[in-house]
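First comes the structure, then the notes that go with it.
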Amino acid sequence: GDSVTQMEGPVTLSEEAFLTINCTYTATGYPSLFWYVQYPGEGLQLLLKATKADDKGSNKGFEATYRKETTSFHLEKGSVQVSDSAVYFCALRMYSGGGADGLTFGKGTHLIIQP
Amino acid sequence: SQTIHQWPATLVQPVGSPLSLECTVEGTSNPNLYWYRQAAGRGLQLLFYSVGIGQISSEVPQNLSASRPQDRQFILSSKKLLLSDSGFYLCASTRSSYNSPLHFGNGTRLTVT
Chain V
5 GDSVTQMEGP VTLSEEAFLT INCTYTATGY PSLFWYVQYP GEGLQLLLKA
55 TKADDKGSNK GFEATYRKET TSFHLEKGSV QVSDSAVYFC ALRMYSGGGA
105 DGLTFGKGTH LIIQP
Chain A
3 SQTIHQWPAT LVQPVGSPLS LECTVEGTSN PNLYWYRQAA GRGLQLLFYS
53 VGIGQISSEV PQNLSASRPQ DRQFILSSKK LLLSDSGFYL CASTRSSYNS
103 PLHFGNGTRL TVT
């Protein structure tokens, strides 16, 4: 079945460091890919998405590129801030015409940014 | 865009007591609706999903049930809570097209004592 694998962490970085959170997926077709962020005690917020190969999603300084050849959707940010501390989830969605539409999440990566 | 309302935000219930968590959606019609549970330090577990009024599918066998009495209302229930039901419960909504993201509520923190 479809699956998403991401580094679980915690990942600890200093402020202004470069961030990469790896995400790879396994899917039977061509999914849409998403990154969500969860701040402590809150629900998940959509951070960015990409719906086809070579698409780049970007938001709030974060970027991720849909790489079909490596089945990856790594999240990057050039200079992280303390406020970026959160749990980040990679997810994919297949369309099957009904049901849960193949919604699959990774286990989440806990990111800690130290001042 | 869609807005998901969940309540209550936190809940402490004794073992064996009933449960009712409510979720309502604004900004869309005929959404797909989902209940997820997030245990401490773990990822998201899909519990139930619904593609329409009265249509509920369960992903895992458990002590919980769900109902969808109206198009934009989704309820999670239990007749008798177990300690293992503790967790963070999230309601989500999406349109059926594959490139539509899920929109999440702010969640309910349930502690069963």
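Line by line, the protein sequences are chains V and A.
Start counting the first sequence at 5; every next residue gets the next number (my numbering).
Start counting the second sequence at 3; every next residue gets the next number (my numbering).
All C-beta atoms, glycine included, are put in the ideal place defined by N, C-alpha and C.
Hey, residue i and residue j are a contact pair by Cβ (cut 8 Å); roughly how many whole angstroms apart?
i: V:L96; j: V:V8; result: 6 Å
i: V:Y70; j: V:K81; result: About 17 Å separates the two Cβ atoms, so there is no contact after all.
i: A:T1; j: A:Q4; result: Residue 1 of chain A is absent from the model: chain A starts at 3 and stops at 115.
i: A:A68; j: A:S88; result: Not a contact, Cβ separation roughly 18 Å.
i: A:Y38; j: A:L48; result: 6 Å
i: A:Q8; j: A:T96; result: That belief does not hold up - the Cβ atoms of A:Q8 and A:T96 are roughly 16 Å apart, past 8 Å.
i: V:F77; j: V:L17; result: So it is not a contact: roughly 20 Å between Cβ atoms.
i: V:L50; j: V:F66; result: At roughly 11 Å, the Cβ-Cβ gap does not stay under 8 Å, so V:L50 and V:F66 are not in contact.
Only counting the same chain, and skipping five residues up and downstream in sequence, which positions put a Cβ closer than 6 Å to that of residue i?
i: V:G112; result: V91, F93
i: V:E20; result: S83
i: V:P121; result: Nothing can be reported for residue 121 of chain V: it is not among the residues displayed for chain V, which extend from 5 to 119.
i: A:A94; result: Y36, L104, F106
i: A:F90; result: Q40, G109, R111
Tell me, which residues are paired with residue i by DSSP?
i: A:E24; result: A:W9, A:I77
i: A:T110; result: A:Y91
i: V:V8; result: V:Y29
i: V:A54; result: V:L37
i: A:A68; result: A:L78
i: A:Y51; result: A:Y36, A:S59
i: V:G61; result: V:A68
i: A:H105; result: A:S95
i: V:T1; result: One cannot answer for residue 1 of chain V here, as it falls past the ends of chain V, which runs 5 to 119.
i: V:T108; result: V:L96
i: V:Q42; result: V:L48, V:V91
i: A:Q15; result: A:V114
Run the CB neighbour count on residue i, radius 10 Å, all protein chains shown included, and call it buried at 16 or more, exposed below.
i: A:L85; result: exposed
i: A:P103; result: buried
i: V:A68; result: buried
i: V:K53; result: buried
i: A:V114; result: buried
i: A:N34; result: buried
i: V:P35; result: buried
i: A:G54; result: exposed
i: V:T108; result: buried
i: V:F22; result: exposed
i: V:Y43; result: exposed
i: A:Q57; result: exposed
i: A:S79; result: exposed
i: A:V27; result: buried
i: V:G47; result: buried
So the beta strand (DSSP E) residue i belongs to, where does it begin and stop?
i: V:T16; result: 15-18
i: V:F93; result: 90-97
i: A:N34; result: 34-40
i: A:I58; result: 57-60
i: A:T30; result: It is not in any beta strand (DSSP E) - A:T30 carries neither H nor E in the DSSP assignment.
i: V:T113; result: 113-118
i: A:L84; result: Unbroken run through A:L84: none, as it is neither H nor E.
i: V:L79; result: 79-81
For residue i, which residues from the same chain have a beta carbon less than 8 Å from its beta carbon, with the 5 sequence-adjacent residues on both sides left out?
i: V:E12; result: K111, G112, T113, H114
i: V:G45; result: none
Below 7 Å CB to CB, which residues in the same chain sit around residue i once its five sequence neighbours on both sides are set aside?
i: V:G33; result: M98
i: V:S62; result: L52
i: V:Q10; result: I25, N26, C27, C94, G110, K111, T113
i: V:V86; result: E19, I117, P119
i: V:S89; result: L115, I116, I117
Determine, for residue i, whether the minimum Cβ-Cβ distance to residues of chain D falls below 8 Å.
i: V:G110; result: Given the protein chain composition of this structure (V and A), no chain D is represented.
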